[in-house]
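Sequence positions in the sequence shown follow full-length UniProt numbering and run 1 to 128.
Data first, discussion second: the structure below is written as structure tokens.
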Amino acid sequence: MRLLLDTQIALWALTGSKRLGKTAGDMIEDPANEVFVSTATVWEIAIKHALGRGDMPVSGTRAAALFAQAGYRELPVSWRHAAAVEGLPNIHADPFDRILLAQSMCEPMRLLSRDATVVRYGAIVLAV
Numbered sequence: 001m002r003l004l005l006d007t008q009i010a011l012w013a014l015t016g017s018k019r020l021g022k023t024a025g026d027m028i029e030d031p032a033n034e035v036f037v038s039t040a041t042v043w044e045i046a047i048k049h050a051l052g053r054g055d056m057p058v059s060g061t062r063a064a065a066l067f068a069q070a071g072y073r074e075l076p077v078s079w080r081h082a083a084a085v086e087g088l089p090n091i092h093a094d095p096f097d098r099i100l101l102a103q104s105m106c107e108p109m110r111l112l113s114r115d116a117t118v119v120r121y122g123a124i125v126l127a128v
């Protein structure tokens, strides 16, 4: 299965946080799954880290290096992804989550998330 990690899931996987949970951890570690991290995730981390947000434990530069080291595949943001945001229901206003949802729909792949609002987008999201 092709999996796209939302920002929190990706950070928890990087830091070995218990908040990741067994289900998400098992899916990420399963060699049968292709695990992707979006360029938008690194962008979000970089912005929030630069603002001094305590929930961003690493810089964007460090996160990108660690994602690559972990074997995650990079998913660039394309024009097609950006345009697909227009077709999303207005359930969630967060632009980073909306681009991840659009990417998941376009590719296709499943978005791993624990965000209750993101989960409301339906089958494209795996609630973990």
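In this text, a Cβ means the ideal position worked out from N, Cα and C, and glycines have one as well.
inquiry  = Suppose you measure from the CA of residue 70 to the CA of residue 47; what does that come to, to the nearest Å?
reply    = 22 Å
Nearest-angstrom beta carbon gap, residue 110 and residue 124 [assumed within contact, 8 Å] = 7 Å
key: Any 3 or more C-beta pairs closer than 8 Å across the segment 27-37 and the segment 3-13   = yes
inquiry  = For residue 101 and residue 43, I'd like the C-alpha separation in whole angstroms.
reply    = 16 Å
task = State yes or no: is the C-beta of residue 47 nearer than 7 Å to some heavy atom of the ligand MN?
result = Inclusion of the ligand MN in the displayed structure is not the case, the ligand content being empty and no account of it being possible.
query = Between the segment 73-92 and the segment 10-24, are three or more C-beta pairs nearer than 8 Å?
reply = no
query = Using DSSP with H/G/I as helix, E/B as strand and the rest coil, what is residue 100?
reply = helix
query = For residue 53, does the count of other Cβ atoms within 10 angstroms reach 16, so buried, or fall short, so exposed?
reply = exposed
ask   = How long is the line joining the alpha carbons of residue 28 and residue 38, rounded to whole angstroms?
value = 15 Å
Presumed contact (8 Å Cβ cut-off) between residue 88 and residue 98, rounded CB distance = 6 Å
task = Specify the secondary structure class of residue 84 as computed by DSSP and reduced to three states.
result = helix
request  = Under 6 Å Cβ to Cβ from residue 66, same chain only, skipping five residues before and after it: list those, please.
outcome  = 14
ask   = With burial defined as no fewer than 16 other Cβ atoms inside 10 Å of the residue's Cβ, what is the status of residue 23: buried or exposed?
value = exposed
key: C-alpha gap between residue 9 and residue 117, whole angstroms   = 15 Å
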